[in-house]
Amino acid sequence: MNTTAPATAVRIRPATPSDADTVVELISLIDLHLPPAEVPTALEPMRRALAEPTGEPLTHAPNHFLIAEDPHGAPLGTIACGPPLWIYRHPRIPVFMRGMLLRRIIAVQGLAVLPAHRGRGIGRSLLHHAEATFTACGYTALTLRHEPGLESYYVPLGFTSADRLAMDLPPLGLITQADRGWRHAVKPLAPRVSFSTVYGVPVRVVTGVLPAPSGAAATGSTPVTRPGR
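Here the sequence shown stands for residues 1 to 229, where the numbers follow this note's numbering.
Structure, rendered in structure tokens:
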């Protein structure tokens, strides 16, 4: 019988520099699709970000780390969020546009809960707390990668899930991103963000993340054919 305390007894708080080991150890529970020997190196940027002084509203801007703990202060889970790496790496996104995108799109880089405490809503609570902060800060979309099979977890929480990320970003037009072995999920954080179908694109396209420039017909954006469902 499960005798763990309900999620209402869980406290969500900002991570501090002294929590770096805890956050990294919890995130290490996730299958990062890496050989075990490479995981510490892959998580080193996260550890460095956590070493920065705590701030507000993002705990370690431009990153955001939260910890879930029980009434005695024992850590149960964590969420790590920050700038989407594909914005830096995508060959079609010029440097001058990165700042604009990074002020509007944020990514969950890891969501982890101790195995003995899963199924209590702790992950959902961490997501909801993070989303509330991002919405207040003016972000328009929350993105994440997840393993195939977790659609049943993220879709009821308001995310879409597809084998690739597709966004209409004026004036660039359609931008797509795929990562082998992962699915991409997006949740709108602003009323103007929606999903549409575009001719020739097999997944729903995220629109409204960036404001459409005046004279949108001249931007070269991919034409949207009909609203998505």
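Glycine included, C-beta positions come from ideal geometry on N, C-alpha and C.
Since the structure is predicted, the reported quantities are computational estimates derived from the model, not experimental observations.
Beta-carbon proximity of residue i to residue j, cut-off 7 Å
| i | j | result |
| --- | --- | --- |
| residue 192 | residue 146 | no |
| residue 30 | residue 149 | no |
| residue 15 | residue 65 | yes |
| residue 76 | residue 114 | yes |
| residue 178 | residue 161 | no |
| residue 143 | residue 84 | yes |
| residue 167 | residue 203 | no |
| residue 26 | residue 112 | yes |
Separation of residue j from residue i, as counted between CA atoms
| i | j | result |
| --- | --- | --- |
| residue 17 | residue 78 | 14 Å |
| residue 74 | residue 197 | 46 Å |
| residue 131 | residue 139 | 9 Å |
| residue 116 | residue 152 | 20 Å |
| residue 171 | residue 108 | 26 Å |
| residue 9 | residue 212 | 44 Å |
| residue 176 | residue 194 | 16 Å |
| residue 35 | residue 118 | 25 Å |
| residue 72 | residue 11 | 10 Å |
| residue 155 | residue 87 | 24 Å |
| residue 121 | residue 13 | 16 Å |
| residue 63 | residue 100 | 16 Å |
| residue 44 | residue 28 | 11 Å |
| residue 94 | residue 70 | 45 Å |
| residue 23 | residue 67 | 8 Å |
| residue 20 | residue 60 | 12 Å |
| residue 181 | residue 41 | 20 Å |
| residue 125 | residue 174 | 33 Å |
| residue 49 | residue 57 | 15 Å |
| residue 226 | residue 200 | Low local confidence applies: a pLDDT of 36 at residue 226 is under 50, so the model's placement there is unreliable, with the coordinate-based value given in what follows. Distance between the alpha carbons of residue 226 and residue 200: 13 Å. |
| residue 105 | residue 205 | 15 Å |
| residue 223 | residue 189 | Confidence at residue 223 is low in this model, with a pLDDT of 40, below 50, so the placement of that residue is unreliable and no value is reported for it. |
| residue 55 | residue 46 | 16 Å |
| residue 52 | residue 82 | 14 Å |
| residue 128 | residue 207 | 22 Å |
Residues bridged to residue i [DSSP beta-bridge criterion]
| i | result |
| --- | --- |
| residue 78 | 67, 112 |
| residue 14 | 66 |
| residue 161 | 185 |
| residue 167 | 175, 206 |
| residue 146 | 183 |
| residue 60 | 63 |
| residue 49 | Answer is none; residue 49 lacks a bridge partner. |
| residue 141 | 105, 188 |
Closer than 6 Å: residue i CB and nearest the ligand ATP heavy atom
| i | result |
| --- | --- |
| residue 200 | The model on display carries no ligand, and the ligand ATP is accordingly not part of it. |
| task | Jot down the residue ranges of each uninterrupted beta strand (DSSP E) in the segment 99–133, minimum 3 residues, whole runs only, in chain order. | result | The segment 99–133 contains, as complete beta strand (DSSP E) runs of 3+ residues, the segments 105–113 (chain order).
| task | Output the residue ranges of the beta strand (DSSP E) runs that lie fully inside the segment 189–217 and measure 3 residues or longer, sorted by chain position. | result | Qualifying beta strand (DSSP E) stretches, in chain order: 194–198, 205–207.
| said: Quick check for students: name the residue ranges of the alpha helix (DSSP H) that lie wholly in the segment 19–43, counting only runs of 4 or more. | reply: Listed in chain order, the complete alpha helix (DSSP H) runs (minimum 4 residues) inside the segment 19–43 are 20–27, 39–42.
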